[in-house]
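> Heads up: the sequence shown begins at 2 in our numbering, then just goes up one per residue.
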Amino acid sequence: MDLSVTIKSLKGTQMAAKITGTFTVSQKIFPFTAIAFGRIGGHNIGAKITKSTEKELKSMGLDVDEIIDELQKNLIQGNLTLPEGLDKESFVDD
2 MDLSVTIKSL KGTQMAAKIT GTFTVSQKIF PFTAIAFGRI GGHNIGAKIT
52 KSTEKELKSM GLDVDEIIDE LQKNLIQGNL TLPEGLDKES FVDD
């Protein structure tokens with residue numbers, strides 16, 4: 002699945018952070034929020050999407066659970082775009 006992630010804001014520390022951003026799938030952009038424990042690229046990230054986003058993804062014939070799994074995988078692996086001025090190395094474990 003071709004899903005890309007863009008972080009809009011990141012608040013917190015390397016131990017725990019609240020993330021807001023967007024993900025793109027099938028050339029459509031959707032918002033998400035997430036909580037990262039143990040840094041982005043760490044071991045535990047919980048991503049959430051709105052009910053309206055779920056509904057739109059379903060109408061596109063996409064599996065919502067698969068989308069969330071892929072979103073979380075990208076966040077854990079650090080496959081994302083960060084806002085200008087935020088140093089990726091300060092929040093991503095390689």
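Where a beta carbon is used, it is the ideal one built from N, C-alpha and C, also for glycine.
#1: Between Leu-4 and Ile-77, is the Cβ-Cβ spacing less than 9 Å?
#2: CB Ile-36 to CB Ile-46, shorter than 9 Å?
#3: Helix, strand or coil for Leu-72? Go by DSSP, reduced to three states.
#4: Figure out for me which residue from Gln-73, Met-2 and Val-65 has the closest Cα to the Cα of Ser-27.
#5: Closer than 6 Å by C-beta to Leu-11: which residues in its own chain qualify, once you throw out the five before and the five after it? Chain order, please.
#6: Between the C-alpha atoms of Ser-53 and Lys-9, what's the straight-line distance to the nearest angstrom?
On the basis of the supplied data:
#1: no
#2: yes
#3: helix
#4: Met-2
#5: Ala-18 and Ile-20
#6: 20 Å
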